[in-house]
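I have placed the structure first, in the form of structure tokens, so that the comments after it can refer back to it.
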Amino acid sequence: MNYRFVRSVSELDKKTASLRVTQEKESYLLRLESGRSTICLGAGEAKGMTRRKLVLLSRKVIVFAKSQKIRSLAVSLGDFAFPNSKLKEGDLGEVLAMNFEMANYEFVKYKNVPKEGWNDMEEIVVLGKVSKEGKQGLERGKMIGQGVNETRTLSNIPGGEMTPQLLAKAAVAAAKGTSTRVQVLGLKEIQELKMGGLLGVSKGSLEEPKFIILEHKGAGAKERPIVLVGKGITFDSGGINLKPEQAMFDMHMDMSGGAAVIYALVLAAKLKIKKNVIGLIPAAENMPSGSSYRPGDVIKTMSGKTVEILSTDAEGRVVMADAFTYAKRYDPKLIVDAATLTGAAVAALGLRATALFATNEKLEQKVRELGEESGDYVWPFPLWEEYEEDIKGTFGDLNNTGKSRYGGAITAALFLKQFTEQYPFVHLDIAPRMTSIDGDFLAKGATGVPLRLFVKILEQM
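Here the sequence shown is numbered in full-length UniProt numbering, starting from 1 and rising by one per residue.
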């Protein structure tokens, strides 16, 4: 969307609708005799407006305007300055623009353009005096919101058109024009690195695996980096342990964590974040065939640790194990991963929060706070040593599912932790937030989680 600034309503043309936020519950459109239109947006009582509710309200603005075929809308930041949200003008501008952009998005790549064109909001006109901080917040929010939408597009592309090779090409294209560097390791390099996890999972597919490395240098050469790891399974059939039909439809989005890592590195460059950041994405397809890895196989990972495969459908943690081992060469000050890892996280949390695992309480609390600030909400689970008994292998060092059907999100996180060793570690199981739900005021499909949280982590940790 385009954003422009005007001082008064008199500067608006008749095609631009104005917005009035009311304390009513319902929203409606007023068409005035002058030919102008006004959206009366029902926000409820001002004293009940929290930051979380403000996020949804800002999306509701765009959703309602689009339902009325409005393409240009005039808003005042002051209408959204609710006392309980406790936002300065710069932060308010960021929240509004970010969520305006997210609510305006639809995945139309495979649709023919209708005669009347797409029903997109084209312009936000900001009314009244806006401080320098407010304008900067709007610009920043727009940039992050657009990054979230690019992440959503990448995740939404069907598996037939988003193979490991095409994901690697998408990473190169996304970084073009920025200072972010991209390196792609192919089959030969992966074999030389002895990445047995990535090689094992990819065996059943005609598509060769890729290992994607992104690098942002925002600090001195001696500054230890933050390493982001994103699961890059471009299609997950479950392998030999084939998924049921209804569980397979969205599995082209099993690389959503990888997509978020790509655009986190791109935004780190665009926002000029003064940190060194590395992004690592092990990319593969998990397919059933005569050459697939099998239940009962024992795989030797890059670390030297062996993994007994109890289920080929627990493949994400197996490929990510190699990425964590690779991450150690950077001597990171923090490792953070995002993965659509377990149905157990969905069972535990429903569809409204990401499962959070951290190696200490201080780190856990900080990420929770940043989740609230960003809008990518998280909720913590334990990483207790007692659970490690569940992932000990019988014929290998580890097993890849746990010994029982219970606590699957926890045992998956503890599996990953075995490959991070002494480094501070945050695991985000984003399976619950992979796709949007009713009440999000977002188009169907991928959500772009946890890109907004990644940005906050890079800036504030």
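Note that the Cβ used here is the ideal one computed from N, Cα and C, for glycine as well. Please read all numbers here as calculations on a predicted model, not as lab measurements.
Nearest neighbour of G371 by Cα position, chosen from L458, M287, G408, S155, turns out to be L458.
Bridge partners of L214 according to DSSP: V182, G279.
Assigned with DSSP and collapsed to three states, F235 falls in strand.
For V229, the uninterrupted beta strand (DSSP E) segment begins and ends at 226-230.
Cβ atoms of N2 and E192 stay farther apart than 8 Å, at about 49 Å. Taking 4 residues as the shortest admissible run, the segment 40-67 contains the following complete alpha helix (DSSP H) segments, listed from N- to C-terminal end: 51-67.
Cβ-Cβ distances below 7 Å link L56 to F441 in the same chain, with the five nearest sequence neighbours on each side left out; the list follows chain order. Distance from the Cα of G137 is smallest, within the candidate group G160, V184, L77, for L77. Put simply, the backbone Cα of K129 is about 11 Å away from that of E89. A distance below 8 Å between beta-carbons, with the five flanking residues on each side excluded, links G159 to the following residues of its chain, in chain order: T234, F235, M251, H252, E285. Secondary-structure assignment with DSSP links P380 through a beta bridge to L356.
With the rule of 3 Cβ pairs closer than 8 Å, the segment 443-450 does not count as touching the segment 390-399. For P295, same chain residues with a beta-carbon under 7 Å away, outside a window of 5 residues either side, are I240, N241, I309, L310, S311, T312 in chain order.
The beta-carbon distance between V125 and L185, rounded to whole angstroms, is 47 Å. This is too long to meet the 8 Å contact definition.
Beyond the five residues adjoining it in sequence on each side, Q183 comes within less than 6 Å, by CB distance, of I213 in the same chain, given in chain order. L73 carries a strand assignment under DSSP once its states are collapsed to helix, strand and coil. Counting only runs of at least 4 residues, the segment 280-349 fully encloses the following alpha helix (DSSP H) elements, listed from N- to C-terminal order: 316-327, 343-349. Assignment of beta strand (DSSP E) within the segment 132-188, counting only whole runs of 3 or more residues, yields 181-185 in chain order. For A17, DSSP records a beta bridge to L73.
Taking the Cα positions, R36 is about 47 Å away from M461. Judged by their CB atoms, M287 and S237 are nearer to each other than the 7 Å cut-off. In the three-state scheme derived from DSSP, where H, G and I count as helix and E and B as strand, K115 is classed as coil.
The three-state secondary structure of A219, taken from DSSP, is coil. With contacts defined as CB atoms closer than 7 Å, A103 and I62 qualify as a contacting pair. Distance check between T301 and each of G220, Y263, G197 places G197 closest, using alpha-carbon atoms only. When DSSP states are grouped into helix, strand and coil, L193 belongs to the coil group. For E208, same chain residues with a beta-carbon under 8 Å away, outside a window of 5 residues either side, are P164, Q165, G186, L187, S202 in chain order. Two segments are said to touch when three or more pairs of C-beta atoms, one from each, lie closer than 8 Å; by this definition the segment 262-275 touches the segment 172-180. Excluding sequence positions up to five before and after H216, its CB lies within less than 6 Å of the CB of T180, L265, A268, A269, V277, all in the same chain and listed in chain order. F82 sits close to M49, with the two beta carbons spaced by under 7 Å.
Residue pairing from DSSP leaves Y423 without any beta-bridge partner.
Burial check for A221: the Cβ neighbour count within 10 Å stays below 16, so the residue is exposed. Taking every protein chain shown into account, the CB of K47 has fewer than 16 other CB atoms within 10 angstroms, so this residue is exposed. Note that the segment 322-332 does not touch the segment 406-414; fewer than 3 beta-carbon pairs, one per stretch, sit closer than 8 Å. Membership of V126 in the beta strand (DSSP E) is indicated by the continuous run 123-127.
Straight through space, the alpha carbons of L280 and I226 are spaced by roughly 11 Å.
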